[in-house]
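Which chain is which? The protein sequence lines are A and B, in order.
Here numbering that gives the first Met the number 0 is used: position 241 in the first sequence is 240, and no number is missing along the way.
Here numbering that gives the first Met the number 0 is used: position 141 in the second sequence is 140, and no number is missing along the way.
Using N, Cα and C, we set each Cβ at its ideal position, and we do this for glycine too.
Take a look at the structure below.
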Amino acid sequence: MHHPPTARDLILDRRDFLQRCGMGFGAMALGGLLTRESTAATLPGNPHFAPRAKRVVHLFMNGGPSQVDTFDPKPALQARHGQPIPLDGLRTERPTGTALRSPFNFSRHGECGLEVSELFSHTARHADDLCVIRSMTADVPNHEPSLMLMNCGDGRLPRPSIGSWVTYGLGSENDNLPAFVSLCPGGMPIKRAENWRSSFLPGSFQGTYLDSSIPRVEQMIENLRNPRSRDSRQAAQLDLLRQLNEEHLATRQHDPQLEARIRSFELAYRMQSEATDALDVEREPQAIRDLYGPGAFARQCLMARRLLERGVRFIQLWHGNGQPWDSHDDIEDHRRLARECDQAIGAFLTDLKQRGLLDETLVLWGGEFGRTPVVELPQAGSNKGVQKGRDHNHYGFSVWMAGGGVKGGHVHGATDDFGFAAVQDKMHVHDLHATMLHLLGLDHERLTFRYSGRDFRPTDVHGRVVRKIIA
Amino acid sequence: MKATALIQRFTVRMSFRTSILALAIGIAPCFEALAHWAYESPRALQPAENPEHPVDFHLAAAWQDAGLRPAELAAPRRWLERAAHLLTGLPPSADQIRRLEASPDDVTWRAVIDELLANPAYGERWARHWMDVARYADTQGYNFDRDNRYPFAYTYRDWLIRAFNDDLPYERFVQLQIAADHLVDRPDHPDLAALGLITVGPRSGGPETIDDRVDVITRGFLSSTVSCARCHDHKTDPITMGDYYSIYSILENAVEPGELPVIGSAADASAHQAYLAEIAALQEKDRAARQEIIDHLKSPETLATYLELAWLAMEQSWDAPKTTAESFSRGRFRPQAVLRWRDFLRHHRAPERANPRIARWLAALATADAPTTRQLCLDFAKDWTASPPHPELAALVAEPACPLHLSADRAHEIMDVEDQQAHALRRSEMSRVQAEHPGSPPRAMSLHDRKPLLPARTYHRGDPAAPGPEFERHWLGFLGGGTFPADAPPRLALARKITDPANPLTARVLVNRVWAWHFGSPLADPGDFGPQESAPVLLPLLDELAVRFSRSGGSLKELHRLLLTSRAFRLDTQGPAENDGIDQANTRFWKWQRRRLDFEIMRDRLLFSSGSLSTNSIGGRSVNLDDPNADTRRSVYAFIDRFALPTTFVSFDLPHPDHHAPRRAETTVPQQALWYLNGPLILRQAEKLAAHPELAALTDARQRLEWIYQRIHRRSPTARETAASLDWLAKVNPADYQPRLSGHWRVLQLRDDASPLTSARPFPLHADGVWKTGPNLDSAPIRWFHAGPKGGHPAAGHALVLRWEALGAGQIRLAGGLKRTQKGGAALHWSLHSEAFPKLPEGKLPPGGSTAVESPWIDVQPGQSVDFVLRAPEGDAFASFDWDFRIDGRETPTSAIAEISRLADAFPHSDSPPALPPAADPWADLIQVLWASNEFQFLD
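What follows is the structure in structure tokens.
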């Protein structure tokens, strides 16, 4: 039986020690010391079976975008506006009232005739590439546990993020860049770094957070630039370091720890310019920058494409700090939010396609849950005096995927007549994770890590691969 | 008998298929579980008459079995480096080195070990080890947007330091951390801080917090994964849900006091009075806010509305959301108070009680119009609140369920969301004062038991919403089980069970940890001593150490002496090459395993060698390690935010404090190298050491090198090292040590816009953040003419000149934008100029327009400049503008681009040029290299 890797393997096994150097920010190809082939098939760093996707980009609409205003049109809701609708025991986080129609028009797009609201007209141009899942479900209508569930597969307990699991399972493709990057402009989403934590996996699998609104790359990554030294001076300094380290090594028997550390300085030196290069969107031609449009989200989409081209494994693009899509007060706010990201998402898909990257990149769009089709009622401390917003809803919501082996122009599952609860082909977040991992060539039941006497896996004891959405 | 019960339990739990399998192969699995090595008492196998050192005795046996030959002894200097760093986290003293090198005998060696153990730095080092076990952090994790700090976590850390330094017997060490409140004789006893083991963990909801506490105790002291039995009996170990929920129940009953006990006096006694005044003010603010809520409920005008809402809620059967919405639509009425009135009135209208006053009120309301309703409710409210109340209501007012019974201290019962938010902010403020005020005294993160105790229940599948029947708490079944003795509170009884000399795990678990902290890897997996782990190869050694540790009364210092006086501790890092074919991973410790210093030792050692570290101030509040002022503090005092763990800690493998960490991972990632190359701490410390007066007094390069080597490596450089270093110093390019490209902004004016730019002069006045020609813009000599960080106003016939002057050489470009903020007026003219570049962009800016401005790359030398000039030749009406400029720079056309200066951040407030930064010192670079070198990082 395959013995799942344990913390001890990661720490004691020499070959693995070298491999560990190859994870996290700046993998190390250790020349003669390590070849990728030396990695046994059962160790992390290799897929379990042939992957359809090599990389993931998660466009995270944090706060919870409303399904009935974006990708799940509900004529019955429009018809029953202002009237009570049967809730069938569905409880919302806050007081809610009658049906609230969507103020946005839906139309059909592409050969598949996918219905998308006017909010996402640029995204809709790629209708034939989108696989919309209208039957997502989560566990509770609160942001924090739902973010944890979507990102880490457990609403309550501190578990590693899916990005950490994926980089643990597949390793890195680029020696000089982080394998897992989380970009968010102007701060962090709520739950902050817990959204990309490695938890009990080694720290090198943790996501690297970058504030994409910072114009200077050297301020985005800690210690990336020396504020005082010139490049040529640092190069000379490294020459001396190498000489002294080689003196030290020469009087000792072969020791991979010492050699790995020597090598890590050379990598770090190279990373200084390569990371700067990868994240500097100013280097893109004007036509490409115009395609993505203005704004922070466009900027980070462009960064994401540059990172993908350089082999970064898992990228999260957060809409903004806090929880921007949390339109409790007025659903009209969705218009502004969509305007901030739709053009860039459309351009991103166009750009990936024209570069042949979409086939092996799995793009996921969505929030931690959706919103109620009924109006949220006012109460002290929130949405004073207006009744135009929607509350949280975990009973049914929409996400879409594109590229990476999913069916294009496809709709999976359905919610009830009003868009409240998933009723057909329900897909829990665990199922989404299992399916994403499957597309990456990872069996969610075999991707395990031994910790605290137990083999943990990203989907705990849940999750099933939804084959209906795989092309 | 006990064994039989265990077999039964274990067999019953097995699935049918497994049971058949078990029968088919005999009941081997059950016996295997029972005969598990870790569940049997350790035995010392070394014959009493054998004089050999027990560590070496057992290792020799293992080497012989495997055919290994041990390494030779290392040089005495190596022993000392190991002992000093491992025991104290700091280098040995020059005197210790000299003495041991002069006489490397047992007497001297023991004397040096004793000195190291007597150094208070020992407690700091070993407290940090234990903080990994205890998942120590200074914050509780995610807490919405409120202050998430534990202001007094540090008192637990300081207690650990004292406990190690005092060599507290392990039994006491364990018991205090679990049940100090039951063991101390006064409410302000400093030992209460020991309970931090339980309380400094993450907080993520009641059951999760308790689960974390079960885990830290059972894995921390017993290396047993009891937490796995939360939702079902353990899949592989004989641990049942009953075991888990017995301990869970004990910890569920341990609650934190509302006010943490003060256990000492404030570090700054003079500030204590000020602190007390500030706290009193905050308490008063809180009381007033609560009183306001109660007054609102009890004053007749507002009470009338509450009563009316309660009546409507009763008549129209409102649910909670409807009540919330309706209450809110009337203004700020607390829904919880409405619901209380509704229930109270409903209760007293019931036919069997039928209060006549209530009945009359209800009857009148039934037919009333709106103004009458209002009046009826107001009258009714006055009857309730009159003193004395209306005779028919007097008895009701006296009932505890009457909403009028609420007082300020119970105001939280009816707080709405906004009240709760305000309340949380007040608490947060209180917590901030306690954490930061210099007069705030230390407090223990203490616990006490609920009275009465809640009974133990299992939760079906771990779901708190599905509690099972009550059961009697019992000790862990796999360690003998049985109910806890009734003569002690359950938590103390649990602590005694853990420290019971008959407990086969406790001593083993501890000596295994200590072994690993000294020798680099453990004898058994510190994360799990359960039946999935087969007996360790060196079990006899583990057991011998456990037995001797217990015999010594649980003295950790005695254990250190035992381990450090072994030959094994003093072996060389290299041994016979043929061993590699047998045990390359050195699992039998036939040589000393070289290893990298952890982050704390590395940082402390660096700061020690630079002379910054203060080693005589033990304990105190946690400090932010990014703050240069923290360079005097040892790393053990770092403020650890489990919610936003600093990237340095992540890069350097500090275990995440959300979990108990059985051991640290050890990774080599480029972020670590970046820390050595570019990190602010190493850069400022290198400059500091390079400027040391003793070094400055030496002029000869060899002498200087010798001084630096002694300081950092405490040895002389070898001939080759000297040659390499001197050669490197001789070859450095002086240009590399000139200041990096920098410069400064100037805001100038030309009185005549046809004059040459060289005649531009400063504005006569800088005030209110802008450059101008007189105090008031509308009456200044040149009206409206001014410039500030965000924008300004040009003047017809004059020119506004924004100049950036270079202080170094390189390539720069000026980039940014200009925007007109008003619609009217005529076009403005702008242009760029530089003596280093003949023709630069220019343009016109119509009213309301905006434009991007960007120069090409310009080669500049120190003193050269680029000018942005703005004129208003067509008139200056409505000519206000916003601007935003920056200077990008690069050393050469191929090197990386960096932003050098942004006008908004570096806007000049005077026209005198800033001092040129001093040239850098190649010796500082050399010092930095020595700190970054492998020799400095590894313990040989």
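Spatially closest choice to residue i from the options, by CA coordinates
{"i": "I112/B", "options": "E80/B, V132/B, A126/B, A101/B", "result": "E80/B"}
{"i": "D603/B", "options": "L680/B, R425/B, S520/B", "result": "L680/B"}
{"i": "L113/A", "options": "L441/A, H411/A, Q218/A", "result": "H411/A"}
{"i": "Q737/B", "options": "A919/B, T893/B, K822/B, D858/B", "result": "A919/B"}
{"i": "T360/A", "options": "A52/A, L146/A, L148/A, P46/A", "result": "A52/A"}
{"i": "V199/B", "options": "T239/B, P150/B, R359/B", "result": "P150/B"}
{"i": "I132/A", "options": "Y450/A, A421/A, W399/A", "result": "W399/A"}
{"i": "W516/B", "options": "R449/B, R595/B, W317/B, C227/B", "result": "R595/B"}
{"i": "P337/B", "options": "V536/B, A786/B, W310/B, P716/B", "result": "Residue identity differs from the one stated: residue 337/B is Val in this sequence, not Pro. Ranking V536/B, A786/B, W310/B, P716/B by Cα distance to V337/B puts W310/B first."}
{"i": "D542/B", "options": "P861/B, R663/B, G773/B, H57/B", "result": "H57/B"}
Collapsed DSSP secondary structure at residue i in the structure displayed
{"i": "S211/A", "result": "coil"}
{"i": "F488/A", "result": "Residue 488/A is absent from the model: chain A starts at 0 and stops at 470."}
{"i": "W516/B", "result": "helix"}
{"i": "W727/B", "result": "helix"}
{"i": "T69/A", "result": "coil"}
{"i": "C130/A", "result": "strand"}
{"i": "F836/B", "result": "strand"}
{"i": "T414/A", "result": "strand"}
{"i": "Y141/B", "result": "coil"}
{"i": "P334/B", "result": "helix"}
{"i": "A420/A", "result": "coil"}
{"i": "F59/A", "result": "strand"}
{"i": "W399/A", "result": "strand"}
{"i": "Y291/A", "result": "helix"}
Any C-beta of chain A under 9 Å from that of residue i
{"i": "G467/B", "result": "no"}
{"i": "W727/B", "result": "yes"}
{"i": "D699/B", "result": "no"}
{"i": "L67/B", "result": "no"}
{"i": "S328/B", "result": "yes"}
{"i": "W882/B", "result": "no"}
{"i": "W674/B", "result": "yes"}
{"i": "Q860/B", "result": "no"}
Which residues DSSP lists as bridging residue i, in chain order
{"i": "G888/B", "result": "I811/B, A897/B"}
{"i": "K771/B", "result": "L764/B, H785/B"}
{"i": "A98/A", "result": "V373/A"}
{"i": "N392/A", "result": "G369/A"}
{"i": "S849/B", "result": "K818/B"}
{"i": "D329/A", "result": "K387/A"}
{"i": "Y450/A", "result": "R453/A"}
Beta carbon proximity, residue i to chain B, threshold 9 Å
{"i": "A295/A", "result": "no"}
{"i": "H427/A", "result": "no"}
{"i": "H247/A", "result": "yes"}
{"i": "E482/A", "result": "Lying before the first or after the last residue shown, residue 482/A is absent from chain A, which here runs from 0 to 470."}
{"i": "I58/A", "result": "The identity of residue 58/A in the sequence shown is Leu, whereas the question assumes Ile. It does not: the Cβ of L58/A has no partner Cβ on chain B nearer than 9 Å."}
{"i": "T69/A", "result": "no"}
{"i": "T41/A", "result": "Residue placement at T41/A cannot be trusted, given a pLDDT of 33 that sits under 50; what the coordinates show is reported in the next sentence. So, not an interface residue."}
{"i": "S134/A", "result": "no"}
Considering only residues of the segment 146-198 of chain A, which uninterrupted beta strand (DSSP E) runs meet the minimum length of 3 residues and lie entirely inside it, listed in chain order? 179-182
Which residue spans inside the segment 396-469 of chain B form an unbroken beta strand (DSSP E) run of at least 3? 455-458
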